[in-house]
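Colleague: This is the structure I have questions about; it appears just below.
Residue numbers (the numbering used here), protein chains in the order written: chain A, 2 to 306; chain B, -3 to 510.
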């Protein structure tokens, strides 16, 4: 659990929600090792893509999404970890009259399995698989975008991760994931999605996620730095209609670049086991979502149970 | 390896649990053709709305059932009905023997498709949709609640008049149903003794297509395709021969012409006023009352939605001032402050139930609007009570005339009183629903719903308690949403009820209750 959240979830305004990097990195807790983390991430945007057209809307103004996320990672064995996170989200905007919301979003649990770990001299190859399940923790309304806390649906993510480390100093990592999403229950009995729907349920599109990371160690292996490139695209869905509200059926797409740093207090005795994290990321391209800039920070504490 | 297997099993279980709670997402009301509770054999004598009587449209007597011409038609029909493909069978199943329902759904779908507010231009101005250039941008129409209420009224009234006329000639000429004359014709729906000439299905298909084409000029291809499928389904189902359909088309075309003539002179074209007239209307309110409503959007919309919809020709109310509301409490008065405080309190402590009610009845931009919501509930009752197409059309006609009249009455009061919205009068007030671009008093939802509920209570007396409770909830929903004061909602319901009483008085005298 040594890192923060570069990947941002995919909805309009959701850029700012953090998906802990822990779910996507190649780091494992050893058996009986436990790590607590607390992370904060703030995403802001003042432009968004209506379909694929970037627009501003002064009745939203600048939109801010803040995520506070406690997380636990635990090593069941050296090769099998379990992760749990519970984000609390608040949203607001400085234009217009719509009220922001706040509350618990989706609990996520994951198991992470290290299938391959091979050393070739100073180089190392590892391959991992992660299965992650998320479900809403409160009855927040997903159909209140961009202010809604989340997509209001169950999510099941299957992810594979591969990493190659050179000289234990520089590493490259790639991940690919498929995010299955179910339906979300909304509070209106009718909606339009390229046609009439007479139901309170909306289909939330599933998504494919790719990530490429270049990382390295500095300051005697106390500081870790990463640059990442993320793509998360829904496999179907409709576009936001002209000057209309977004809705959970929309086809969200985001391409994002990020930077991440983590400093481990390995040598400073009273702080041993702690680390501090910071992140910055920027949405480069998108569809039906905000062009968000995100900053984040966090603290972790790791010990053997 | 064992762990991987365990992991795989867990994953499969989770996938199964996620997919098992998936719900079907219906795109139209699922029902099958049904036996009508009554055929309304005297329906041809009912009083129509646009026509003076069913005989305004002349329909020649059909060929005799034993004529060569008709026998050839029956043979053609039998061949069409006997050899239908899978998609043709689907069409027969979809259209049913009460296709009034489907055309109402098509109308609601187009309302939702076109209910998009024009966006600002880069220079901060707004371009409004115009029938003269329907492509836009923005496209025409903006199917807001007044527009949609009027669209539905013309659709339903034209269907009603067309079916009264069809019923008249059905029983005048008494050509038996196709499957009565030739029992070997496979008929897809529940058999009854309704005469076949002219085809009621063709009346509905053609008049609905033509009214909706007038209301949605960019949808001609879509509507032509729908009508073509519907007309073909009349043959695939064994319902109507060519001459039945031709006579139905003649009726539909005559009624459509009468409906379009009324629509062209009902003053809807002047409802969206130019800026100077809009400013004058506002100034008159300031002079009268000392207050006015201002749009709060950025950039400001210089003209509210249809300031002169209140002067559009009503169906059943002689003069809109007959149903104009009394003056609301002045901003700052004790009575006003009481209701403003209620809004602040609700916003602070909104319950889940209140939020749900606000969203359930919101029917805002991009949806079928409150008139559409009431049409949807009406549709469900029509099927529950197994109405025939004529009775269904009458139900929609009186509902939608009353709902449009409620809109006209409401808009008259809205722009006469020009009352500011809560986001204008309460400093820093935030809402969970978007505030519409027109004055506050009274609430449109409440007026539409008050009128709709009374008409439905008249037609479906066993449902009176339900529909009135829904109307109260719809009115209340606007308070929970933070966009209306309680006096907007309460007076809106009263105005809607008042307007509905005119429609009900007329309905009681049209012959259908005899």
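Glycine included, every Cβ here is placed at the ideal spot set by N, Cα and C.
Who are the near neighbours of residue 292 of chain A in its chain, counting only those whose CB is closer than 6 Å to its CB and skipping five residues on each side?
Modeller: 46, 48, 284, listed in sequence order.
Colleague: Find the residues of chain A that neighbour residue 41 of chain B, judging by a C-beta separation of less than 9 Å, and give them in chain order.
Modeller: The premise fails here: residue 41 of chain B is roughly 36 Å from chain A at the closest Cβ pair, so nothing lies under 9 Å.
Colleague: Return the residues of the region 84 to 99 of chain A that lie within a Cβ-Cβ distance of less than 9 Å from chain B, sorted by chain order.
Modeller: Within the region 84 to 99 of chain A, the residues whose Cβ lies closer than 9 Å to some Cβ of chain B are 96, 97, 98, 99, listed in chain order.
Colleague: Can you confirm whether the region 144 to 160 of chain B touches the region 40 to 60 of chain B when touching is taken to mean that 3 or more C-beta pairs between the two stretches lie within less than 8 Å?
Modeller: In short, these stretches touch, since the Cβ pair count reaches three.
Colleague: Is residue 435 of chain B near the ligand PLP - that is, is its Cβ less than 8 Å away from at least one heavy atom of it?
Modeller: As far as ligands go, the structure on display features none, and thus does not contain the ligand PLP.
Colleague: I need the DSSP call for residue 261 of chain A, collapsed to helix, strand or coil.
Modeller: If DSSP states are grouped into helix, strand and coil, residue 261 of chain A belongs with the strands.
Colleague: Mind reading off the beta-carbon distance from residue 184 of chain B to residue 244 of chain B? Whole number of angstroms is fine, and I expect it under 8 Å.
Modeller: With 8 Å as the limit, residue 184 of chain B and residue 244 of chain B do not qualify as a contact, their Cβ atoms being about 18 Å apart.
Colleague: Please list the partners that residue 18 of chain B has in chain A, where partner means a Cβ-to-Cβ separation under 9 Å.
Modeller: Ordered by position in chain A, the residues that pass the 9 Å Cβ test against residue 18 of chain B are 183, 184, 202, 204.
Colleague: For a cutoff of 9 Å on Cβ pairs, would you count residue 246 of chain A as touching chain B?
Modeller: So, interface residue.
Colleague: Would you identify the three-state DSSP class for residue 459 of chain B, choosing helix, strand or coil?
Modeller: In this structure, residue 459 of chain B counts as helix in the three-state DSSP scheme.
Colleague: Just verifying my parser: in three-state terms, what is the DSSP assignment at residue 19 of chain A?
Modeller: Low confidence applies here, because residue 19 of chain A scores a pLDDT of 34, under 50, leaving its location unreliable; read the following figure in that light. DSSP places residue 19 of chain A in strand when its eight states are reduced to three.
Colleague: Under 8 Å, CB to CB, which of the residues in the region 281 to 306 of chain B have a partner in chain A?
Modeller: Within the region 281 to 306 of chain B, the qualifying residues are 292, 293, 294, 295.
Colleague: I need the straight-line Cα distance from residue 217 of chain A to residue 129 of chain A, nearest angstrom please.
Modeller: Rounded to whole angstroms, residue 217 of chain A to residue 129 of chain A spans 19 Å at the Cα level.
Colleague: Cβ of residue 356 of chain B less than 9 Å from any chain A Cβ?
Modeller: Closer than 9 Å to some Cβ of chain A, the Cβ of residue 356 of chain B qualifies, so yes.
Colleague: Alpha carbon to alpha carbon, how far is residue 31 of chain B from residue 149 of chain A? Give it in angstroms, no decimals.
Modeller: Roughly 46 Å separates the two Cα atoms.
Colleague: Going by alpha carbons, who is nearest to residue 256 of chain A out of A:210, A:243, A:72?
Modeller: With distances taken between Cα atoms, residue 256 of chain A lies closest to A:210.
Colleague: How about residue 364 of chain B: is its C-beta nearer than 9 Å to some C-beta of chain A?
Modeller: Cβ-Cβ to chain A under 9 Å: yes for residue 364 of chain B.
Colleague: In chain A, which residues lie with their C-beta within 7 Å of the C-beta of residue 108 of chain B?
Modeller: Ordered by position in chain A, the residues that pass the 7 Å Cβ test against residue 108 of chain B are 193, 197.
Colleague: The alpha helix (DSSP H) that contains residue 175 of chain B, what's its start and end?
Modeller: Residue 175 of chain B -> alpha helix (DSSP H) spans 174 to 177.
Colleague: Rounded to the nearest angstrom, what separates residue 165 of chain A and residue 124 of chain A at their Cα positions?
Modeller: Spanning the two alpha carbons is a distance of roughly 7 Å.
Colleague: Give a yes or no on contact between the region 288 to 301 of chain B and the region 376 to 387 of chain B, applying the rule of three or more CB pairs nearer than 8 Å.
Modeller: No: the two stretches stay apart, fewer than three of their Cβ pairs being nearer than 8 Å.
Colleague: Have a look at residue 297 of chain A and residue 280 of chain A and give me their C-alpha separation to the nearest angstrom.
Modeller: Near 5 Å, if we compare the C-alpha coordinates of residue 280 of chain A and residue 297 of chain A.
Colleague: Specify the secondary structure class of residue 110 of chain B as computed by DSSP and reduced to three states.
Modeller: Residue 110 of chain B: helix per DSSP, three-state reduction.
Colleague: Residues of chain B with CB under 8 Å from residue 1 of chain A, in chain order?
Modeller: The first residue shown for chain A is 2 and the last is 306, placing residue 1 of chain A beyond what the model contains.
Colleague: Does any residue of chain A have a CB that is nearer than 9 Å to the CB of residue 395 of chain B?
Modeller: With 9 Å as the cut-off, residue 395 of chain B does not count as an interface residue toward chain A.
Colleague: Give the single residue among A:126, A:122, A:109 whose Cα lies nearest to the Cα of residue 116 of chain A.
Modeller: When each option's Cα is compared against that of residue 116 of chain A, the closest is A:126.
Colleague: So, at 8 Å on beta carbons, what are the nonlocal neighbours of residue 140 of chain B in its own chain, with the 5 sequence-adjacent residues on each side left out?
Modeller: Once the five neighbours on either side are set aside, the close Cβ partners of residue 140 of chain B are 111, 113, 301, 302, 365.
Colleague: Apply the 10 Å Cβ neighbour rule to residue 121 of chain A and answer buried if 16 or more other Cβ atoms are within range, or exposed otherwise.
Modeller: Exposed.
Colleague: If contact means a Cβ-Cβ distance below 8 Å, which residues of the region 337 to 353 of chain B contact chain A?
Modeller: The region 337 to 353 of chain B vs chain A, Cβ under 8 Å: 343, 348, 351, 352.
Colleague: Between the region 265 to 282 of chain A and the region 235 to 248 of chain A, are three or more C-beta pairs nearer than 8 Å?
Modeller: Segments in contact, no.
Colleague: Can you tell me the Cα-Cα spacing of residue 306 of chain B and residue 106 of chain A, whole angstroms?
Modeller: Spanning the two alpha carbons is a distance of roughly 46 Å.
Colleague: Contact check, residue 25 of chain A vs residue 136 of chain A under 8 Å by CB: the rounded distance?
Modeller: Incorrect: roughly 20 Å between the Cβ atoms, too far for contact.
Colleague: Taking residue 91 of chain B as the reference, give the member of B:265, B:26, B:81 with the closest Cα.
Modeller: Answer by Cα proximity: B:26.
Colleague: Along chain B, which residues have their Cβ under 9 Å away from the Cβ of residue 188 of chain A?
Modeller: Here the neighbours are 351, 352, 353, 354, 355, 356, 358.
Colleague: Check each candidate in B:169, B:34, B:153, B:131 and name the one with the smallest Cα separation from residue 194 of chain B.
Modeller: Of the candidates B:169, B:34, B:153, B:131, the one whose C-alpha sits nearest the C-alpha of residue 194 of chain B is B:169.
Colleague: Mind pulling the chain B residues with CB within less than 9 Å of residue 59 of chain A?
Modeller: By Cβ distance, chain B contributes 116, 293, 294, 295.
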